[in-house]
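Read left to right, the sequence shown gives residues 104 to 321 (my numbering). Every residue, glycine too, gets a C-beta built ideally from N, C-alpha and C.
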Amino acid sequence: MLKQLEITSGDRDKTCENPVYKLTTFYNVETQELSRRRRADTCEAFDLYINVMDYNMYSVNIHICFRLCENQELNQTGMAILDVGLLSGFSLAQRGIPINELIRRVETSPGKVILYLDSVTKAETCIEVPTTLEFKVTGVHDAVVTIYDYYEPRRRAVGTYTSETRRDMPFCSFCGEDCSQCEDLVISVFDATISSHHHQGLVQSLALLLLITFSRCF
Numbered sequence: 104m105l106k107q108l109e110i111t112s113g114d115r116d117k118t119c120e121n122p123v124y125k126l127t128t129f130y131n132v133e134t135q136e137l138s139r140r141r142r143a144d145t146c147e148a149f150d151l152y153i154n155v156m157d158y159n160m161y162s163v164n165i166h167i168c169f170r171l172c173e174n175q176e177l178n179q180t181g182m183a184i185l186d187v188g189l190l191s192g193f194s195l196a197q198r199g200i201p202i203n204e205l206i207r208r209v210e211t212s213p214g215k216v217i218l219y220l221d222s223v224t225k226a227e228t229c230i231e232v233p234t235t236l237e238f239k240v241t242g243v244h245d246a247v248v249t250i251y252d253y254y255e256p257r258r259r260a261v262g263t264y265t266s267e268t269r270r271d272m273p274f275c276s277f278c279g280e281d282c283s284q285c286e287d288l289v290i291s292v293f294d295a296t297i298s299s300h301h302h303q304g305l306v307q308s309l310a311l312l313l314l315i316t317f318s319r320c321f
C-alpha cells in the first residue's frame with residue numbers, strides 16, 4: 104500500500120515507521136576524459152569514419168576521415184594503406200585523386216582504389232574519393248574500406264558503407280515507371296541465353312556423335 108507523508112521544512116524530527124520504499128538518486132555526469140577513455144577502449148588501431156555523398160544518378164563521392172587511435176603507443180605510423188572498395192557499377196572518376204604530401208601513390212583495380220599514405224597520426228585527416236557510374240546497378244551491397252599499417256598489417260581498422268538510395272532502388276527506376284524501356288533489353292538477353300544454350304547443345308551432340316563414330320572404327 105502506498106502511503107503519503109507530508110513533511111515541511113520545520114518537521115526535522117519526523118520519522119516514518121515501517122518504510123517500504125527507498126529512493127536513491129544517481130546523477131550520471133560523464134566527463135570528457137571518461138568519454139575519451141570509452142572511445143579509446145572500443146577503438147581499433149585506427150578511428151575510421153566514412154560518409155557517402157550521393158549527389159546524383161551518375162556520381163558518388165566517398166568522404167573518408169581517419170586517425171590513429173589514442174590507445175596506440177606510437178604517435179605516428181610509417182607508410183599506411185587505405186584500401187577503398189567501390190560500390191557495384193562505379194569506378195574512380197576521371198579527375199582522380201591528387202598526389203600530395205599525404206597521398207604518395209594511387210592504384211586502381213576493378214572494384215577498388217588503393218591509396219599509399221605517407222603516414223597516419225593521431226590528428227584526424229580526411230580525403231575524398233570521387234567515383235562515377237560505369238553501368239547501372241540496383242540493390243547494391245555494402246562496400247568495404249580498410250586502413251592498415253604497411254609495416255604492421257595487424258594494426259588496422261575496417262569499415263563499410265553503402266548508398267541507401269541505390270540499395271533500395273527498384274530495377275524499373277532505370278527503365279521508366281512502367282519498366283517499358285527495358286522490355287527490349289530483357290527479350291534480347293532472354294533470346295541470347297536461349298541461343299547460347301541451343302548452340303551448346305549442338306556442340307555437345309556433335310561431339311558425342313564423333314565419339315561414337317570413332318569407337319566403331321576400332
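Let me confirm a value: A226 is counted as buried when at least 16 other C-beta atoms fall within 10 Å, else exposed. Which label applies? Locating residue 226 in the sequence shown gives position 123, counting from the first residue. With fewer than 16 Cβ atoms within 10 Å of its Cβ, A226 is classed as exposed.
I'd like to know whether the C-beta atoms of V248 and L171 end up nearer to each other than 7 Å. Here the question's residue 248 lines up with position 145 in the sequence shown. Here the question's residue 171 lines up with position 68 in the sequence shown. The answer is no: Cβ separation not under 7 Å.
Answer yes if the stretch 208-215 comes into contact with the stretch 145-157, meaning at least three C-beta pairs across the two stretches below 8 Å, and no otherwise. no
Can you check DSSP and say which residues form a bridge with R170? Here the question's residue 170 lines up with position 67 in the sequence shown. Paired residues: D150.
Does T180 come out as helix, strand or coil in the three-state DSSP assignment? Locating residue 180 in the sequence shown gives position 77, where the first residue counts as 1. Three-state DSSP puts T180 in coil, outside helix and strand.
Tell me which residues share the same chain as T268 and place their Cβ nearer than 6 Å to its Cβ, disregarding the 5 neighbours each side in the sequence. For the purposes of this step, residue 268 is taken as the residue at position 165 of the sequence shown. Correct list, in chain order: D157.
Beta-carbon contacts of G181 that lie in its chain and below 8 Å, excluding the five residues immediately before and after: Taking the sequence shown and counting its residues from 1, one reaches residue 181 at position 78. Only S222, D252, Y253, Y254 meet the Cβ criterion.
Inter-residue Cα distance where the pair is M160 and D186: Sequence index remark: in the sequence shown, residue 160 carries index 57 (1-based). Sequence index remark: in the sequence shown, residue 186 carries index 83 (1-based). Cα-Cα distance, rounded: 24 Å.
Out of curiosity, what's the CA-to-CA distance linking P233 and L190? By 1-based counting over the sequence shown, the position of residue 233 is 130. By 1-based counting over the sequence shown, the position of residue 190 is 87. A straight-line Cα-Cα distance of about 12 Å links P233 and L190.
In or out: Q175 buried (at least 16 other Cβ within 10 Å) or exposed? Reading the sequence shown from its first residue, position 72 is the one you call residue 175. Result: buried.
For L177, count neighbouring C-beta atoms within 10 Å of its own C-beta (all shown protein chains included) and say buried if the count is 16 or more, exposed if not. Counting from one through the sequence shown, the residue named residue 177 turns up at place 74. Exposed: under 16 other Cβ atoms inside 10 Å.
Other residues of its chain near I167: CB distance less than 6 Å, five sequence neighbours each side excluded: Along the sequence shown, one-based indexing puts residue 167 at 64. Contacts found: I153, I230.
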